[in-house]
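Here's the structure we're looking at; comments come further down.
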Amino acid sequence: MSTALIAAGATAIGTTATAQADTTNPTTNNATTGQTQTAKTSQTELDANIKDAQATVNDAKDKTGQAQTVADAAKTAATQSGNQASTAQATTTKAQTDLSTAKTAEVRAQQVADSATDDAISQAQDAVTNQQNQNQQLTQTVDTAKTDVDKAGDSVNSAQTVVDQTNTDATQANQTVANAQAQVDHAQDVVDGKDSATAQQNLATAQQDLSQAQTNVNQANDATKQASQAASDAQTKVTSAQTSVDKANQAQSAAQQNVNTATQAQAAAQTALDDASQHQASTQTFTLGTEYVNALKAYNDAEGYNLNSSDPIVQRLIKASDAMSQKLKFQSNAADKNIKINDRQDLTPEVLSQLSTYAAQLINSMRDEFGAPHVIVTNGSVKFAGDIADEVTADHWILAVENAHDVPAINRAAAKSGLFSKAIANMYEDAALAKATSNLGQWNLTLDDFKQLVFVSLKSFMANDEEWSHANSILGKTAHGEEQYFGVSFSTSIGENVSSVPGKTLNFDSHFAFVPQDSPYWVDESKFDKTAIKNETVSADEIKQLESNLATKKTVTNTAKTALATTKTNTTKAQNALTAAKTALATAKQQQTSAQTALTNAQAAVKTATAAVAAAQKAIDETSASDTTKQQALNDAKAALKAAQAVQSQKQASLTAAKAKLATANQVLAQAKAKLASAEAALKAGQQALANKKAYLDSLTHADANLAAAKQAVVDAQTAYDQAVQALKAAQTTADSDAATYQQLQQAADAAKQVLVAAQAKLDQLLQTKALNDAIDRTNQETNQSKSAQGERVTNTEYDATNGSGAALNTKHALGTEHDTTSGNTVTLKTYRALSTEQATTLQRRKAAMAAAATKSTSTLPQTDETAGRTASVLGLMMIGLVGLLGATKRRKRI
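Residue numbers -21 to -1, 1 to 874, in mature numbering (1 follows the signal peptide of the UniProt record, and there is no 0), belong to the letters of the sequence shown in order.
Now the structure itself:
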């Protein structure tokens, strides 16, 4: 803050408390005062300081942001390197564990190697042999035990069969005894005469039941016949429905086969069309026109190359060339656009063959107009053209720069193809600058683009308005009436400022190679493959035929699909009918089964009723017999009961004996199973012992190799551990370095922030100073306005005042009301209002505070928050003083 500004503030505040000797000059209409006008800092200087401070703040903000960004990046790097150090530590720990394991294994391998003497190996081999013999015996023991278990099992099964049979016999004997006992009881009742009263009634009831049962049988028999017939009819319907389903399935299968066949035929037709479309003959034309042909022939007849360009013959050819050129338009091919060519590697023999056949098509159409023999594209001519382009590219030859053919490159290519290669001038090619691009990376071109380059090159040959030697060459004027072998390719070179194009460009030069069939051109024909490349292009008529064939195949396919849909519908209907028939058959069979069950039950009831009738009749017969007969029947029944009881005792004894044998057999089986388990356990232990002994023998016989492997494993583990330790050290060093770098950069960022805080504080103080200056301006203005009374001379001495003649106006600290001025104007003075003691004290304190602030503010801009706070406090006191000043000024205006 400016010291002058602070002093000015103090002066302004002091003015409100102390009266000074003031003088008003009536001639200038300005009040001249002995009091110092309130001072302030130069506004221009302050504005410049604020501008500089703002620039400093902005610069500090930028540097703070940049420093923090760098610190954040360093923090990220430190975190990453710390993570890498942790990973390296884990790797080192694992490597150390692996090394320890490898060393332990090495010690064991060394121990085995030390003990691997010939005797030890021999003993180990004997141990293996002995164990094998023991295992063989154990195997035999197991086999024997298994046989014993099988035999014991058979014995148990046999004993169980005997038990089952004797149990059945005992059960039957028990039933026989029960029946005999019932017969005895019945015979006793007859002897006692207990059944005589009811026997006749029982017979009548039994006969009635028999009659009803027979009726039920007849009805059930009829129902069974009807159900059987219904089931038979349902089966017939199922058979018929199944036949329909089979036929429908066969029809559907045949229809599906037709669809498959038609679909395959359609796919084949589509493939043929697609393939043909890929090789569709270009619709591109290169028509010379009659006028051009005639003009060129006239030019040749007149040896036009010797004529001036203004010659009518030359002018005619120029006009014809221009007219032809305007009509020539390149036609793109969508299929060619899908074939990408990004570098020379993509200019394969196949691609060059396509470009050559395309160019030959255009050249031959022109030669037909001109009446010249065709060119032939062969494997050798395509290779020759490709070799020329490769050799020219290798020479970094740019046609537009050299303005000549690269004859050495052409000769090298000719030598490779068995052609004359010692020419001092071009003998084989027509060349043109086809394209120049600033794209020096991948070409991003297509086959369509290169065909356009061929077209553009031919156009430049045929119509350039300057010379027609290239046109004559393209049209076969030098072919001597014979066909020529032909191929085309492109060389590429990067040049700078080519053809007035600034900067570097990638230049594509086209090379149209023609090989005459004249013998002087050939040196070694075996190096030149004269096999013609078949033009695989397809004519438009062939395309139309293929499209028609595809349409026919599509129609056949659609018809087959419709037929298939119909057969599927028929199959579904037949299947539904079969399902319904099967459901009806199932119902009929269920009804048939129910009827058969009812018949069987009815027949059983007849048998039961018949037996009941016989029993009732027998009871009547028995009751009507003599007492002797009845007693004999009772005696016979008792004898039969006794015989049955004897048989029962015999069968029960047999059952007991059979159960005892079964228990013995089960015990034998359990013992056999226990022996088998023991034998199997012994065999398993023997097999494990054999495996251990074999392993031990193997370790002895391979002790040296195992020891070497163990040692190598230790070496490898040690190497891995050493590498891990080195990597850990490097990673830790990097981590420590990154951490230190981060700390330094963060400290720098913090320092930048402190600079920003200080710069902002300085700017804030300057802005506050500007605000104070504005307040001082307003204060000075109001002070000047309060002294604008003209022609008045006022002298204040303590609180006395005089008018212009020096007379005392008021000696009691109060002004009069009307007094004359030197100008004759009347000045009306109002009563003076003296400050109270409290107000005067307050103003004196403010004055003292501002004076102290002025003294402290003579130093430079504070750089700490504490000092800045003091400065802010001083400014606050100044503002308080200004508010008091403004208040006093307003009071003075009201006097």
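Quick reminder that beta carbons are idealized off the backbone N, C-alpha and C, glycines included.
To the nearest angstrom, how far is it from the Cα of residue i to the Cα of residue j?
i, j, result
"residue 6", "residue 746", "Since pLDDT at residue 6 reaches only 36, below the 50 mark, its modelled position is unreliable, and no value is offered."
"residue 15", "residue 759", "Low per-residue confidence applies at residue 15: pLDDT is 39, beneath 50, and the placement is therefore not dependable, though the value from the model is reported in the following sentence. Whole-angstrom Cα-Cα distance: 11 Å."
"residue 270", "residue 540", "59 Å"
"residue 36", "residue 58", "32 Å"
"residue 297", "residue 453", "17 Å"
"residue 774", "residue 754", "With a pLDDT of 39 at residue 774, under the threshold of 50, the modelled position of that residue is not reliable, and the figure given next carries that caveat. Rounded to whole angstroms, residue 774 to residue 754 spans 29 Å at the Cα level."
"residue 544", "residue 583", "58 Å"
"residue 617", "residue 160", "8 Å"
"residue 641", "residue 165", "41 Å"
"residue 28", "residue 737", "15 Å"
"residue 394", "residue 469", "19 Å"
"residue 631", "residue 646", "23 Å"
"residue 715", "residue 678", "49 Å"
"residue 637", "residue 562", "54 Å"
"residue 236", "residue 230", "10 Å"
"residue 436", "residue 482", "24 Å"
"residue 315", "residue 710", "55 Å"
"residue 282", "residue 409", "20 Å"
"residue 702", "residue 686", "24 Å"
"residue 375", "residue 471", "8 Å"
"residue 284", "residue 329", "39 Å"
"residue 327", "residue 422", "15 Å"
"residue 572", "residue 533", "57 Å"
"residue 411", "residue 439", "8 Å"
"residue 601", "residue 178", "10 Å"
"residue 625", "residue 590", "29 Å"
"residue 55", "residue 722", "12 Å"
"residue 417", "residue 484", "4 Å"
"residue 122", "residue 93", "42 Å"
"residue 559", "residue 552", "11 Å"
My assumption, with CB atoms under 8 Å, is that residue i sits in contact with residue j. Please give the rounded CB distance.
i, j, result
"residue 651", "residue 128", "4 Å"
"residue 192", "residue 581", "7 Å"
"residue 592", "residue 186", "5 Å"
"residue 486", "residue 377", "5 Å"
"residue 364", "residue 335", "7 Å"
"residue 697", "residue 78", "6 Å"
"residue 255", "residue 521", "6 Å"
"residue 341", "residue 450", "Incorrect: roughly 13 Å between the Cβ atoms, too far for contact."
"residue 724", "residue 53", "5 Å"
"residue 111", "residue 669", "6 Å"
"residue 352", "residue 244", "No, residue 352 and residue 244 are not in contact; Cβ-Cβ is about 43 Å, not under 8 Å."
"residue 467", "residue 490", "7 Å"
"residue 131", "residue 648", "4 Å"
"residue 915", "residue 557", "Past the edges of the chain, shown from -21 to 874, lies residue 915, and the structure says nothing about it."
"residue 320", "residue 425", "6 Å"
Just list the residues that DSSP pairs residue i with in beta bridges.
i, result
"residue 416", "485"
"residue 425", "319"
"residue 409", "491"
"residue 296", "Note: residue 296 sits in no beta bridge, so no partner."
"residue 398", "501"
Practice item. Could you name each continuous beta strand (DSSP E) segment of 3 residues or more that falls completely within the stretch 317 to 391, going from the start of the chain to the end? Key: 354 to 356
Check your understanding: Where in the stretch 456 to 521 do unbroken runs of the beta strand (DSSP E), each at least 3 residues long, occur, reported from the N-terminal end onward?
Key -> 463 to 475 and 483 to 494
**Study point:** Length-filtered (3 minimum) beta strand (DSSP E) runs lying within the stretch 599 to 675
**Key:** none
Exercise for review: Would you check if the stretch 675 to 689 and the stretch 79 to 91 touch, i.e. whether three or more CB-CB distances between them fall below 8 Å?
Suggested key: yes
Review point. What runs of the beta strand (DSSP E), each 3 residues or longer, lie entirely inside the stretch 677 to 708?
Key: Within the stretch 677 to 708, no complete beta strand (DSSP E) segment of 3 residues or longer occurs.
Point to revise | At least three beta-carbon pairs within less than 8 Å, the stretch 162 to 172 to the stretch 606 to 622 | key: yes
Exercise for review: List in chain order: all unbroken beta strand (DSSP E) runs of 3+ residues lying wholly within the stretch 70 to 118.
Suggested key: none
Exercise for review: Check whether the stretch 353 to 366 touches the stretch 381 to 400, counting contact only when three or more Cβ pairs, one atom from each stretch, lie closer than 8 Å.
Suggested key: yes
Practice item. May I ask you to verify whether the stretch 195 to 208 touches the stretch 593 to 600, counting CB pairs closer than 8 Å and requiring at least 3? Key: no
Point to revise | Validate contact between the stretch 302 to 321 and the stretch 435 to 452 using beta carbons, cut 8 Å, 3 pairs | key: yes
**Study point:** Whole runs of the alpha helix (DSSP H) within the stretch 215 to 301, excluding any shorter than 4 residues
**Key:** 269 to 280
Check your understanding: Three or more beta-carbon pairs under 8 Å between the stretch 504 to 512 and the stretch 402 to 420, yes or no?
Key -> no
Review point. Any chance the stretch 619 to 630 sits against the stretch 93 to 103, with 3 or more Cβ pairs inside 8 Å?
Key: no
Practice item. Inspect the CB distances between the stretch 428 to 435 and the stretch 448 to 464 and report whether three or more fall short of 8 Å. Key: no
**Study point:** Stretch-stretch touch, CB-based, cutoff 8 Å, three pairs: the stretch 132 to 140 with the stretch 711 to 731
**Key:** no
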